[in-house]
Every structure is written in structure tokens, then in C-alpha cells.
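Undergrad: Residue numbers are given in numbering that gives the first Met the number 0: position 21 of the sequence shown equals residue 20, and the series is strictly consecutive.
Ideal Cβ positions, reconstructed from N, Cα and C, are used throughout, including at glycine.
Just so it is clear, the structure is predicted and the values come from calculations on it, not from any experiment.
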Amino acid sequence: MTTEKLRRFLAAHGNSQTFLEQEVKGLLRELGIAVPSGVFIPAGEPVPSPHSLLFPLVAKAALPGVASKNDIGGVRLGIRDAAELSVAVAELEKIPVAAGVLVEEMARPGVEVIVGGAVDPQFGPIVMFGLGGLFVELFRDVAFAMAPLDRRAARRLVEATKGAVVLRGYRGKPPVDMESLLSVVVAVSELIGSGFIEEIDLNPVELYPDGALVVDAKMKRRSQESW
């Protein structure tokens, strides 16, 4: 099912090697993975009014092939009203090559994790899981497995990290929704294991007691020469 939906997605995007964030999130939504409510505003078009999004909002420049929007000032957080939104969109559209602006409802804080996948030259498709923030930046607390994974293997991958104790509830905090997390890990493993994708990076994914939300998403198509 995942591969079938991925084939349709790739066919709809022609020869694109990389995809805009809202495009990747559209695929994830189709796969049953939760993403923030949002609206894409193509470059040169006005901010839709009224819109159904709830403040505060985040606005991000849609930049093809750019690894980090933050590095070039492509993100505006904590937008409180329509006036601030109009200013933010106008500023972001001035960034060279911006295809438009993605406006989304800000995600509520949760436990941040990273789920990714890549095709290793030696081992083939692999999937990666790690806790975000200091866990990955300072401690490199990540785990890897061959893709694709079923739910049992996905659970073993998650539990291979030292930070997995945080997911089970720590210092009085409730445990996260493990089943929703496993759905994200399995979906990423199936995408990277399809043979059509070179890289996928979901960072961060916010985990809650009642679900999981993919806040940022990047994906790169595998060249046909590599198939």
C-alpha cells in the first residue's frame, strides 16, 4: 500500500529530485501520519482570508533543495494575528528561489524524536531513530536497522536507544503514544525500503500521550541509475 501511494506521488511530481515540505507532508498524511494543519501560499499570491488555522502560527519559506530553512532566516515562529502573518509571508517571499510560504499551526511541545532513512552504499536501505534535542546533538543516541521494518522490529529499534526510557514516562511525565510512533517508523522504513527514495528526514517528530505529529519533513528521490 505504501509503495503504491509513493508511486502515485512520484508520478505526480515529474522528474523532481527533492520535494517541498508541504509535498512530503501531503504524502505522509495520505499514509495516515499526522502533520500540522496548514496552508501553502504560492509566491505572489495573497494570504487567504479568512483561513481556518488557529493562532499562533509558524510560517516557513518553501525552498527547493535547501537543507535548513533556519540557516537562511526562512522561518517565522509565534505569529499571533493576521497582521503579523502578512508581514511574515511578505518577508519570506523575498528569499531568492522561494516557491511560496507554508503556514501552519504551531505544534504543542512534546517529546522530540527524529526518524529518518537513507540508502547506504554497503548495506542498502536503512532506517534511523533517535531522541531529539540534546540526546542526538550531544550524546549521538541513535539506532539503525535495515529497512523495511514491521512493528515488532520498529519497537526493537526504538528501544535500542538509551533515551527510550523517556518515552515510557520519566519523572512523573506520562508515557508517549508508542503505537503512533511505531506507525511513523514503519512508514519511513517502507518509503526508504521501496527503492525509489534516497533520503527521508522527519525532524522533529513531536510525541504526545495521545499521538505523534511530524513537524518538519524532507525527502529526496533516488536517481533511476541507482535502481
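What's the C-alpha gap between E224 and A60?
TA: Taking the sequence shown and counting its residues from 1, the one referred to as residue 224 is at position 225. Taking the sequence shown and counting its residues from 1, the one referred to as residue 60 is at position 61. With a pLDDT of 45 at E224, under the threshold of 50, the predicted position of this residue should be treated as unreliable, and no value is reported.
Undergrad: Do you know whose CA, among S193, E111 and I191, lies nearest A163's CA?
TA: Here residue 163 refers to the residue found at position 164 of the sequence shown. Here the closest residue by C-alpha is E111.
Undergrad: Between A186 and S222, what straight-line distance do the alpha-carbon atoms span, to the nearest angstrom?
TA: Here residue 186 refers to the residue found at position 187 of the sequence shown. Here residue 222 refers to the residue found at position 223 of the sequence shown. Looking at the two C-alpha atoms, the distance is approximately 21 Å.
Undergrad: Output needed for R155: all residues of its chain with C-beta closer than 8 Å, excluding positions within five of it in sequence on either side, in chain order.
TA: Within the sequence shown, the letter at position 156 stands for residue 155. Counting only Cβ-Cβ distances below 8 Å, and skipping sequence neighbours, we find A144.
Undergrad: Among the candidates V57, P95 and L62, whose CA atom is the shortest distance from the CA of V77?
TA: By 1-based counting over the sequence shown, the position of residue 77 is 78. Note on identity: in this sequence residue 77 is Gly, with Val being the wrong assignment. Cα-wise, what sits closest to G77 is V57.
Undergrad: In angstroms with no decimal places, state the Cα-to-Cα distance between E83 and A10.
TA: Translated into the one-based positions of the sequence shown, residue 83 becomes position 84. Translated into the one-based positions of the sequence shown, residue 10 becomes position 11. When rounded, the distance between both Cα atoms is 37 Å.
Undergrad: Could you tell me if R167 is buried or exposed, where buried requires 16 or more neighbouring beta carbons within 10 angstroms of its beta carbon?
TA: Along the sequence shown, read from residue 1 onward, the residue named residue 167 stands at position 168. So R167 ends up on the exposed side.
Undergrad: By the DSSP assignment, the beta strand (DSSP E) with V38 in it spans what residues?
TA: Counting from 1 along the sequence shown, the entry for residue 38 is found at position 39. Start and end: G37 to P41.
Undergrad: Taking all protein chains shown into account, do 16 or more other C-beta atoms lie within 10 angstroms of the C-beta of L27, making it buried, or fewer, making it exposed?
TA: The residue you call residue 27 lines up with position 28 of the sequence shown. It counts as buried.
Undergrad: Skipping 5 residues on each side, what residues in its chain have a beta carbon closer than 8 Å to that of V184?
TA: Translated into positions along the sequence shown, residue 184 becomes position 185. Closer than 8 Å at Cβ, skipping near neighbours: V114, V126, F128, L148, A153, L156 and V157.
Undergrad: Spatial neighbours of S188 within its chain, please: C-beta separation below 6 Å, excluding the five flanking residues on both sides.
TA: For the purposes of this step, residue 188 is identified with residue 189 of the sequence shown, where counting begins at 1. Taken in chain order, the residues that qualify are V126, A146, P147 and L148.
Undergrad: E198 to D176, Cα distance in whole Å?
TA: Position 199 of the sequence shown holds residue 198. Position 177 of the sequence shown holds residue 176. Each residue's alpha carbon lies about 26 Å from the other.
Undergrad: Specify, as a first and last residue, the run of the alpha helix (DSSP H) that G168 falls within.
TA: Position 169 of the sequence shown, counting from 1, holds the residue named residue 168. Here G168 belongs to no alpha helix (DSSP H), and DSSP marks it neither H nor E.
Undergrad: Taking the continuous alpha helix (DSSP H) assigned at I191, which residues delimit it?
TA: As a working note, residue 191 is residue 192 in the sequence shown. From DSSP, the alpha helix (DSSP H) with I191 extends over M177 to I191.
Undergrad: What do you reckon, are the CB atoms on F109 and E29 nearer than 8 Å?
TA: Along the sequence shown, one-based indexing puts residue 109 at 110. Along the sequence shown, one-based indexing puts residue 29 at 30. It should be pointed out that residue 109 corresponds to Gly in this sequence rather than to Phe. No; because the gap between Cβ atoms is not below 8 Å, this pair is not in contact.
Undergrad: Going by the DSSP bridge assignment, what does D80 pair with across the sheet?
TA: For this step, residue 80 is matched to residue 81 along the sequence shown. Beta-bridge pairing links D80 to no other residue.
Undergrad: Under DSSP, the beta strand (DSSP E) around R151 begins and ends at which residues?
TA: For the purposes of this step, residue 151 is taken as the residue at position 152 of the sequence shown. Run containing R151: none in the beta strand (DSSP E); it sits in the alpha helix (DSSP H), R150 to E158.
Undergrad: Looking at the strands, I want to know which residues DSSP matches up with P124.
TA: Here residue 124 is taken as the residue at index 125 of the sequence shown, counted from 1. Answer by DSSP bridge pairing, in chain order: V118.
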